[in-house]
Each structure stands twice: as C-alpha cells, then as structure tokens.
Ligand SMILES: Nc1nc2c(ncn2[C@@H]2O[C@H](COP(=O)(O)OP(=O)(O)O)[C@@H](O)[C@H]2O)c(=O)[nH]1
Ligand SMILES: [Mg+2]
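In the numbering used here, the protein residues as written are 409 to 603.
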C-alpha cells in the first residue's frame, strides 16, 4: 500500500480523548520496548513518527496514527516493564480494557513479540486475551535481524509452541532494522481491512 499522508491524530489518556469511530483500527500490543512503535514506523516509512525509545516503560498513552484517512494504527501502552508499580499495572489494565470495550471499529490486535526469546507469561496471557475477545491473533515476531538466518526456524517454532498457534501463517517474523517481511505485514493489514 502506498501511504501519502499520515498523522499522529491523537494521544489519549482517557476514553473521551479517543478519535471518532469513523475508521477501522488495528492495535499493536506487546511488552514495552519490544518494537511496537518501530513496527509502525517501518510500515509507514517514517524514521520516528511513532516515537521509539531505548528506555522501557515510556509509553503510557494510546497513540492513534491516521493512515491516509483510511485506517488507524493504535499503539497501545506496553506491559512487562520491570519497574512498574502495582498502580502502573492497574492503570495499564484499565487503559487496555477501556479501549477494547469501547471500540466497535477495532478490527484486529497484533501481538508484537521478540523473535529472540520465548514469549513471556504476560505475552501468553495477552495472546489468550486477544483470542478470547474474538480477534484472529496475528503475531509480529520482531528483531529477526538479531538472530542468524540459520537459527530462524528454531526461534519461529518456539514462538508457535509457546503461544499454541495452530495456523503458522498467523506469525510474521519481522525486522524494523532490515525490513524483513515488511511487504508481508502490509499484505496482512490490507487483507484485514479488505483493501
Ligand atoms: N535491531 C533491532 N532493533 C529494534 C527493532 N525494532 C525495535 N528496535 C529497537 O528496540 C527499542 C525499542 O523499540 P520501540 O519501537 O520504541 O518499542 P516499543 O516500546 O514496543 O514501542 C529501540 O531502541 C528500537 O530501535 C528491530 O527490528 N531490530
Ligand atoms: Mg512505543
């Protein structure tokens, strides 16, 4: 898909700050620092529209990116930040729940995991939560550039097993660094949006 115009349409702390439900939305969930913002930047060919950070735990907001007035990527707050307090975790769960329960235009949630490591317990919980909410469960396994090609098969298999994924085509190994599978990721997006 060719993208002409994109904006960070809204940064929302609360429900009353969400944009209208006039466009379909694809949300990105995952551990903080896993590469959610980088995934968005790569797909839309921007260096840093979606703010990336080497400091984990930074994004506390829901960021709505408007792509050509056709759809939105929604960068959800990350989880699993080691220094998160109990209140942080409650705030996080509240923010995610509020979004999910109030968004009839949400068409899919991509779970972003780290290709290098086995999915964490929180990844597994999030994945089940995504499936329970009726989404198909697309997984973006990012940072493949950090692993030797000869080891890719092994890492992919471990992710599929840990998340108990039946349909292998649901996992997209990805890299924001070398753009591995950028086209495939776009294809998925277009498929989901019926473009
Ligand atoms: N090598 C490599 N680094 C990445 C990749 N994706 C993200 N990063 C780095 O990981 C860090 C966190 O990325 P970010 O997109 O901010 O993660 P977020 O918290 O999930 O939004 C940043 O330093 C990125 O440059 C990737 O595919 N390959
Ligand atoms: Mg981010």
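Every residue gets a Cβ at the ideal spot worked out from N, C-alpha and C, and that includes glycine.
Remember, it's a predicted structure, so these values are computed and weren't measured experimentally.
(message) Going by beta-carbon coordinates alone, are residue 411 and residue 453 separated by less than 8 Å?
(response) Along the chain shown, read from residue 1 onward, the residue named residue 411 stands at position 3. Along the chain shown, read from residue 1 onward, the residue named residue 453 stands at position 45. Contact flag set, yes.
(message) I'd like to check one pair, residue 475 with residue 416: are the Cβ atoms closer than 8 Å?
(response) Indexing the chain shown from 1 puts residue 416 at position 8. Indexing the chain shown from 1 puts residue 475 at position 67. No, the pair does not count as a contact, with Cβ atoms beyond the cut-off.
(request) Please find out if some non-hydrogen atom of ligand 1 comes closer than 7 Å to the beta-carbon of residue 488. (result) Here residue 488 refers to the residue found at position 80 when the chain shown is read from its first residue. Not under cutoff, so the answer is no.
(request) Report back the beta-carbon spacing between residue 356 and residue 553 to the nearest angstrom; my notes put them in contact at under 8 Å. (result) The chain is shown from 409 up to 603; residue 356 falls before or after that span and cannot be answered.
(request) Could you please give the first and the last residue of the uninterrupted alpha helix (DSSP H) stretch that includes residue 561? (result) Counting from one through the chain shown, the residue named residue 561 turns up at place 153. Counting along the chain, the alpha helix (DSSP H) containing residue 561 begins and ends at 560-570.
(request) State the start and end residues of the unbroken beta strand (DSSP E) segment that holds residue 438. (result) Translated into the one-based positions of the chain shown, residue 438 becomes position 30. Run containing residue 438: 433-438, per the beta strand (DSSP E) assignment.
(request) State the start and end residues of the unbroken alpha helix (DSSP H) segment that holds residue 418. (result) As a first step, residue 418 must be located in the chain shown, where it is residue number 10. Taken as a continuous stretch (DSSP letters only), residue 418 belongs to no alpha helix (DSSP H), being part of the beta strand (DSSP E) at 414-420.
(request) Give the secondary structure of residue 452 by DSSP, where H, G and I count as helix, E and B as strand, and everything else as coil. (result) Taking the first residue of the chain shown as 1, we reach residue 452 at position 44. The answer is coil: DSSP assigns residue 452 none of H, G, I, E or B.
(request) Please name the residue, chosen from 548, 522, 487 and 527, that lies closest to residue 555 on a Cα-to-Cα basis. (result) As a position in the chain shown, residue 555 is number 147, starting the count at 1. Ranking 548, 522, 487 and 527 by Cα distance to residue 555 puts 522 first.
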